[in-house]
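Sequential numbering from 28 applies to the sequence shown in my numbering.
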Amino acid sequence: MASITKRGKSWQARISYKDADGKFKTKTHGGFRTKSVATAWANQFEVDKNNGDLVVDTPPLFPDYFWSWFETYKESSVRERTRLTYVTAHHILEEYLPAERIDLMDRRKYQLFLKEFGKDHSKATVSKMNSLYHACIKDALYDGLIKRDFIETASLVYDKERTRKIQYLSVADLHTLIDYLLKTRNRNFTSKYMILTALLTGMRPGEVQGLRWDDINEPFHTITVTQSWNETNRDFQDLKNESSHRVIRIDGWLIGLLKEISHKNKKGSVFVDQYGDIPTSSAVNKTLRAAMKACDVVRQGFHFHSCRHTHVAYLLSEGIDLYAISKRLGHSSITITANTYAYLIDEYKVKTDTKIASSIESLEPKIEDHFAQILRKGSTNTENTAT
């Protein structure tokens, strides 16, 4: 028997039953958004008529299957930061779809979930959660637990006010900032060197922090990205994914700049300051904000990772091929690059369209001559026929 009660702004369900010995037992779960959802959760349970035990209807609830899937296929291979993303994704399912069995999920239910969740979340958040759920559902489909992929054709719903555009610097501001960083650099404090490296390579903050001298090939002017840096553990860690392992071509003067840093440590890290530490992202952001203020460059929300976005913006402005940019960034596919920087790509599309129009215009005299010849030939044929 179920008892549904309201507790604050949410609902709680409590079920009671007799076990095999005739003793009463209860099971309680709260945090449901509506009374109907709490009731649906309670209805998922029934007492086994043979032994009196409380059992859960199979197949499992969507949130339960998602967490089991994560523990089975993902947990052993992801970093702590990524693990926390899965934890968040699980909590979202528990909040919005706590009573939905995975085999009874369909396109409509999932789309309504996206509509409800997305109304006060950004596009990036909704897209990330959706990608995790889709990966889970693909495996459920493969395992025969469900018959259809109910996520594949779903439309993302999100709060446009919360969806921030990618922050990056214009070419002029980029030159101004680089000039300031170079003039005010101090080899005892490595944050400015880290910012310059991020701006000129597009490396992720953790990859910059994890750079070692052994990763720099001076004769070939390259950086080999082999590991990242974990600020919490203060040690190296694996890269985000296999495609993050890459070789980045750099200018020789950047290598010369980095060689100014003379502080060494046992790990062979490049950006060790005079105290033997690698600056944290927070410390680098503080230096970055001060530098931008000194340069009168105003960008709300611009931070260390935004240097990577600025690098992409500059390459796009120079007409660099998107595939080459994707490889330089360490993305697993060009689609990820295109989706991440769609806003930037749209901006530079105007410039590209202008170049295309100019290229076509260069053909127009030849085209006009070609059609003139056709017209003259047609006129001659007509005169001959008349004669």
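By construction, the Cβ of each residue, glycine as well, lies at the ideal position given by its N, Cα and C atoms.
Would you please state the rounded distance, in angstroms, between the beta carbons of residue i and residue j? I believe it to be under 8 Å.
i: Ala321; j: Tyr220; result: Actually they are not in contact, since the Cβ atoms of Ala321 and Tyr220 sit about 17 Å apart, beyond 8 Å.
i: Thr364; j: Leu371; result: Rounded, the Cβ-Cβ distance is 10 Å, inconsistent with contact.
i: Pro90; j: His117; result: 6 Å
i: Arg134; j: Phe177; result: 5 Å
Pick helix, strand or coil for residue i, following the three-state DSSP scheme.
i: Gly57; result: strand
i: Gln327; result: coil
i: Asp304; result: coil
i: Arg41; result: strand
i: Leu349; result: helix
i: Lys76; result: Residue placement at Lys76 is flagged as unreliable, the pLDDT there being 40, under the threshold of 50; a coordinate-derived value is accordingly withheld.
i: Ser12; result: Given that the chain is displayed from residue 28 to residue 414, the structure contains no residue 12 and the question cannot be resolved.
i: Asp84; result: For Asp84, the pLDDT reaches just 47, beneath the cut-off of 50, and the residue's location in the model is therefore unreliable, leaving the point undetermined.
i: Lys382; result: helix
i: Asn157; result: helix
i: Asn312; result: helix
i: Ile372; result: helix
i: Phe216; result: strand
i: Phe51; result: strand
i: Arg355; result: helix
i: Ser296; result: strand
i: Ile243; result: strand
i: Ser197; result: coil
i: Lys192; result: coil
i: Lys210; result: helix
i: Ile222; result: helix
i: Ser289; result: coil
i: Met415; result: One cannot answer for residue 415 here, as it falls past the ends of the chain, which runs 28 to 414.
i: Cys163; result: helix
Have a look at the options and flag the residue whose alpha-carbon is nearest the alpha-carbon of residue i.
i: Ile383; options: Gly346, Glu234, Thr362, Leu371; result: Gly346
i: Ser309; options: His332, Asp278, Lys294, Gln327; result: His332
i: Tyr195; options: Ser360, Arg326, Lys267; result: Arg326
i: Ile119; options: Asn157, Glu102, Glu245, Thr99; result: Asn157
i: Leu343; options: Val198, Ser30, Cys163, Lys165; result: Val198
i: Thr253; options: Asn260, Met230, Glu245; result: Met230
i: Gly35; options: Val324, Trp280, Lys62; result: Lys62
i: Trp240; options: Gln264, Val299, Asn213; result: Val299
i: Thr251; options: Asp242, Asn257, Glu258; result: Asp242
i: Ile275; options: Gln264, Lys50, Glu179, Glu245; result: Glu245
i: Leu223; options: Glu234, Phe263, Leu209; result: Leu209
i: Cys334; options: Ala162, Leu349, Phe97, Val311; result: Val311
i: Lys33; options: Phe51, Phe59, Lys50; result: Phe59
i: Ser95; options: Thr367, Ser154, Ile164; result: Ile164
In terms of residues, what are the limits of the alpha helix (DSSP H) holding residue i?
i: Val184; result: Val184 -> no alpha helix (DSSP H), and no H or E assigned at all.
i: Ser270; result: Counting along the chain, Ser270 falls outside any alpha helix (DSSP H), and DSSP gives it neither H nor E.
i: Ala126; result: That residue, Ala126, is in no alpha helix (DSSP H); it is neither H nor E in DSSP.
i: Lys33; result: Element bounds for Lys33: not the alpha helix (DSSP H) but the beta strand (DSSP E), 29-34.
i: Ile173; result: Unbroken run through Ile173: none, as it is neither H nor E.
i: Asn366; result: 361-367
i: Trp280; result: 279-285
i: Leu342; result: 333-344
i: Gly233; result: 232-236
Closest Cβ-Cβ distance between residue i and chain D: below 8 Å?
i: Asp91; result: You won't find chain D in this structure, because it holds only one protein chain.
Tell whether a beta-carbon distance below 8 Å holds between residue i and residue j.
i: Leu204; j: Met132; result: no
i: His336; j: Ile193; result: yes
i: Glu102; j: Arg108; result: no
i: Tyr375; j: Leu201; result: no
i: Tyr123; j: Ser149; result: no
i: His338; j: Thr228; result: yes
i: Leu88; j: Arg128; result: yes
i: Ala181; j: Leu141; result: yes
i: Ile288; j: Thr217; result: yes
i: Tyr137; j: Phe93; result: no
i: Trp256; j: Gly279; result: no
i: Ser296; j: His358; result: no
i: His66; j: Ile31; result: First, the amino acid is wrong: residue 66 is Thr here, not His. It is a contact, given that the beta carbons lie within the stated cut-off.
i: Leu305; j: Gln236; result: Leu is not the amino acid found at residue 305; the sequence shown has Ile there. Contact: yes.
i: Asp147; j: Pro86; result: no
With residue i as the anchor, note down where its beta strand (DSSP E) starts and where it stops.
i: Phe263; result: 262-264
i: Trp94; result: First-last for Trp94: 89-96, but that is the alpha helix (DSSP H), not the beta strand (DSSP E).
i: Val252; result: 249-252
i: Ser103; result: Counting along the chain, Ser103 falls outside any beta strand (DSSP E), and DSSP gives it neither H nor E.
i: Leu255; result: In the sequence under discussion, the amino acid at residue 255 is Ser, which differs from the Leu named in the question. Start and end: 255-257.
Less than 7 Å between the CB of residue i and some heavy atom of the ligand COA, yes or no?
i: His332; result: For the structure depicted, the ligand COA is absent and the ligand set is empty, with no information on it obtainable.
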